[in-house]
Amino acid sequence: MRDLLVILGDQLSPAVSSLRSADPGSAVVLMAEVVEEATYVRHHKKKIAFLFSAMRHFAEALRQAGWEVDYVRLDDPDNSGSFTGELERAIARHEPERILVTEPGEWRVQAAMEGWSARFGLPVDILGDDRFLCSRADFADWAEGRKQLRMEFFYREMRRKSGLLMDGDDPEGGRWNFDAENRKPAKTDLFMPKPAHSEPDEITRAVLDLVAERFPDHFGDLEPFWFAVTAEGAEAALAHFLENALPSFGDYQDAMLVDERFLYHSVLSLYINAGLLNPMEVCRRVEAEYRAGRAPLNAAEGFIRQIIGWREYVRGIYWLKMPDYVGENFFGADRPLPDFYWTAETGMACVRAAVTQTKEEAYAHHIQRLMVTGNFALLAGIDPKAVHEWYLAVYADAYEWVEAPNTLGMALFADGGLLGSKPYAASGNYINKMSDYCGGCAYDVKRKTGEGACPFNALYWDFLARNEEKLRGNPRLGQIYRTWDRMADDKQADYRKSAAAFLQALR
Ligand code: FAD
Ligand code: DLZ
Ligand code: SF4
133 MRDLLVILGD QLSPAVSSLR SADPGSAVVL MAEVVEEATY VRHHKKKIAF LFSAMRHFAE
193 ALRQAGWEVD YVRLDDPDNS GSFTGELERA IARHEPERIL VTEPGEWRVQ AAMEGWSARF
253 GLPVDILGDD RFLCSRADFA DWAEGRKQLR MEFFYREMRR KSGLLMDGDD PEGGRWNFDA
313 ENRKPAKTDL FMPKPAHSEP DEITRAVLDL VAERFPDHFG DLEPFWFAVT AEGAEAALAH
373 FLENALPSFG DYQDAMLVDE RFLYHSVLSL YINAGLLNPM EVCRRVEAEY RAGRAPLNAA
433 EGFIRQIIGW REYVRGIYWL KMPDYVGENF FGADRPLPDF YWTAETGMAC VRAAVTQTKE
493 EAYAHHIQRL MVTGNFALLA GIDPKAVHEW YLAVYADAYE WVEAPNTLGM ALFADGGLLG
553 SKPYAASGNY INKMSDYCGG CAYDVKRKTG EGACPFNALY WDFLARNEEK LRGNPRLGQI
613 YRTWDRMADD KQADYRKSAA AFLQALR
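Everything in the sequence shown is counted per my numbering, starting at 133 for the first residue and increasing by one.
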């Protein structure tokens, strides 16, 4: 049977289910650079360049492995600009008897795929994506009948299922989670590791020129470009992380430093999500470092939890709750996204640092995304849809399946507590404790209200007061509301006045 395989830009894995199910002797692989994918949100220039270059390299690798690959470039004059349009043209060229594809990461693309069979009069097999440990159906089974879908319980099942960091039936070290040990503020250190850098080759240089020409108005700096674009390059980045950063990954997971954009983070999410690294293989390598005595348990467990816990869990939530999930707005927040999310022009040093590095690197680490830009958007009541589209556009690792639950659920509590048990709201004190941002800020973190006070301080109490009806009943916020209740009326009024003045000026 002549199969036409469609490989998407985040399916760049030689063992992806569609490739495993076809015969290289007779099948044709279709890969296409399409303007719709680059612009349905206006992705960061570096993200587009990363994916196009990684796609071109992957097509070459497939050819060398004996596959016939039909690769459509963005600047092909006949390029229709969409997956469906490119499939239609490819069907005319190759006259296949069947279309084979691995399920996509986004609901939008899945909906388009589901229309292909009727449209083209051909069987379309949409195969499961077994690069994930938990299938969509298995997650739905796990969620069925549960009152609360807590990550921690899901994670324990994934530990048992994968056998990672298990000691028989028990968790290695006697505890499932060593997070309590992973909250140290970092100090600038001469030996802070940097992520591995790759040199752009000829293929990448051509893509950089194309992106500069075709997407000049998109957010973000294209160069310097140092991302790996092949499986070998991503493997080198993984080896570099294991050797240089993993041992301290746990300790400083929540820390932020203005001159250290990556700290001990892996900067591997873009490779894992695009398919250049296999997540389970990455976890096994991390476990091996622990077993060999080269990484402590809190680092290995913390890292593995992010992948087989959070990463799998948010994907499960996404497919369980789409398409409604992206419309969630528990607090009815409707403030437009401030310009400084694009320009970084703000006196708030923490936000400036996070946005500047996002613009330059298409990367910010988790605590910057959650506790700086995310926390600000939560406290200021920014429209969740605008925030969601920002996160989806600006990070090299962003695809809706992983971005939307992190943004709408974890950072904004827009799903009303499906994903998190309470909002991750924090005042300037938290940012000051975990970072060195406040020293270089136009605002004073110690001042609570009035001129020059850190905006996070008044916004924090204003957020709680504004949303009291929705949040007071939350048992995890009881103590905080008791503190608010004990506050003198004029102090409460000061907070609210300061927040109102700040929000007014935001317009
Ligand atoms: P590390 O800190 O080194 O973590 C190791 C790996 O664990 C990551 O590479 C990633 O694969 C995985 N991981 C860690 N945290 C999460 C998480 N919460 N959810 C899923 N996987 C996780 N991650 C994305 O991959 N794409 C996104 O679009 C994305 N959007 C986010 C938006 C917001 C508002 C927040 C708060 C988090 C978001 N995350 C997203 C999760 C997390 O911030 C990134 O995975 C992480 O910063 C990537 O950097 P790293 O590879 O250095 O991660
Ligand atoms: C993100 C992205 C971009 C920018 N461009 C392409 C592309 O031109 N061709 C392609 O196959 N995939 C691209 N992608 C990744 C897709 O958006 C991703 O595969 C879907 O959103 C499903 O997760
Ligand atoms: Fe951010 Fe406030 Fe610290 Fe400034 S003082 S860096 S606004 S937390």
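Ideal Cβ positions, reconstructed from N, Cα and C, are used throughout, including at glycine.
Bridge partner(s) assigned by DSSP for residue i
i: E392; result: L389
i: H298; result: The sequence given here has Met at residue 298, not His. DSSP output for M298 lists P303 as bridge partner(s).
i: A133; result: The sequence shown places Met at residue 133, rather than the Ala named in the question. Answer by DSSP bridge pairing: none, since M133 is not bridged.
i: T539; result: According to DSSP, which records beta bridges pairwise, T539 is partnered with nothing at all.
i: A518; result: For A518, which the question treats as bridged, DSSP gives no partner whatsoever.
i: V160; result: L136 and E200
i: A585; result: D576
i: T234; result: L259
i: R467; result: I514
DSSP state of residue i mapped onto helix, strand, coil
i: P411; result: helix
i: S380; result: helix
i: R628; result: helix
i: L640; result: With the chain covering only 133 through 639, there is no way to say anything about residue 640.
i: S567; result: strand
i: M187; result: helix
i: Y403; result: helix
i: E276; result: coil
i: V458; result: helix
i: T362; result: coil
i: R174; result: coil
i: R484; result: helix
i: R282; result: coil
i: D341; result: helix
i: F351; result: coil
i: G605; result: coil
i: L524; result: helix
i: F373; result: helix
i: V446; result: helix
i: H226; result: helix
i: L219; result: helix
i: D155; result: coil
i: K316; result: coil
Same chain only: Cβ atoms within 7 Å of residue i, ignoring 5 sequence neighbours per side
i: P516; result: E460, N461, A465, L540, L544 and A546
i: P470; result: L638
i: S214; result: V166 and E168
i: R579; result: A585 and C586
i: S153; result: L232 and L259
i: V446; result: V534, P537 and N538
Residue i: CB within 7 Å of a non-hydrogen atom of the ligand DLZ
i: L140; result: yes
i: V458; result: no
i: H175; result: yes
i: A170; result: yes
i: L656; result: With the chain covering 133 to 639 only, the question about residue 656 has no answer from this structure.
i: V166; result: yes
i: I180; result: yes
beta-carbon residue i near the ligand SF4 non-hydrogen atom, thresh 7 Å
i: G560; result: yes
i: V161; result: no
i: I563; result: yes
i: Y575; result: yes
i: F545; result: no
i: S472; result: Reading the sequence as shown, one finds Phe at residue 472 and not Ser. No; taking the cut-off as 7 Å, the Cβ of F472 has no heavy atom of the ligand SF4 nearer than that.
i: P587; result: yes
i: C570; result: yes
i: C482; result: yes
Test: residue i CB closer than 8 Å to a CB of chain E
i: R423; result: Here chain E cannot be found, since the structure has a single protein chain.
Distance cut-off 7 Å: residue i Cβ against heavy atoms of the ligand FAD
i: A494; result: no
i: N599; result: no
i: I449; result: no
i: Q242; result: no
i: H372; result: no
i: A530; result: yes
Sequence-distant residues of the same chain with beta carbon closer than 8 Å to residue i, five excluded per side
i: G479; result: C573, A574 and Y575
i: S294; result: L265, M412, C415 and I440
i: G354; result: Here residue 354 turns out to be Leu, not Gly, going by the sequence shown. These residues qualify, in order along the chain: K177, K178, A181, L340, V343 and A344.
i: Q624; result: W593, A597 and W616
Cβ neighbours of residue i in the same chain (closer than 6 Å, five flanking residues each side left out)
i: N507; result: A558
i: E640; result: Nothing about residue 640 can be read from this structure; the chain reaches only from 133 to 639.
i: L183; result: G141
i: Y203; result: M163 and A191
i: C570; result: N564 and V577
i: L402; result: A528 and D529
i: E200; result: V160
i: F634; result: P587
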